[in-house]
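First up is the structure itself, then whatever we jot down about it.
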Amino acid sequence: MEVKVNARDGELTDAVKETIESKVSKLPRFFERTTAIQVIADLKHDEPKVEIILSAEGASDFFASDCGANVISALDTTIAKMEQQLRKHKEKITEHRERH
């Protein structure tokens with residue numbers, strides 16, 4: 012699985028990049044067919060915005076974004092949104108299998 016971390020309108024420190032990669036790398040436990048994760052931190056405004064795009068085999072890309080006081084707090088809320096999407100998608104798949 013490939014994890015890309017990019018910043019818009021600024022730079023992220025190595026420590027922040029490592030934190031982002033470690034937190035985001037836990038997302039595949041919610042959906043095993045994850046192929047790539049892209050994290051974009053937009054530092055242009057007062058409150059940084061974090062976007063996560065998760066690509067998965069056999070499914071459309073998943074997208075979540077949120078703003079926060081800093082990059083890490085925005086990342087945490089964005090990850091929570093992404094986890095919810097992945098749980099819902101996986102639940103939908105397993106319910107479909109059980110009906111047939």
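Position in the sequence shown counted from 1, then plus 11, gives you this note's numbering.
Note that beta-carbon positions come from the ideal geometry of N, C-alpha and C, so glycine has one too.
Keep in mind it's a predicted model, so treat the numbers as computed, not measured.
Between the segment 68-75 and the segment 21-36 there are fewer than three inter-stretch CB-CB distances shorter than 8 Å, so the stretches are not counted as touching.
As DSSP reads the structure, Glu-13 sits in a beta bridge with Ala-47. Judged by DSSP secondary structure, Asp-77 falls within the beta strand (DSSP E) whose first and last residues are 73-78.
For the set Pro-59, Asp-25, Lys-101, Lys-99, the Cα lying nearest the Cα of Ser-84 is the one of Pro-59. Around the beta carbon of Met-12, fewer than 16 other beta carbons sit within 10 angstroms, so the residue counts as exposed. Of the candidates Val-50, Thr-45, Arg-19, the residue whose Cα lies closest to the Cα of Thr-30 is Val-50. The criterion of a C-beta distance shorter than 8 Å is not satisfied by Leu-65 and Ala-18. According to the DSSP assignment, Glu-62 belongs to the beta strand (DSSP E) that extends over 60-67.
In this structure, DSSP gives Asp-53 an extended state, which the three-state scheme calls strand. For Ile-63, the closest of Cys-78, Ile-90, Gly-79, Glu-102 by C-alpha to C-alpha distance is Ile-90.
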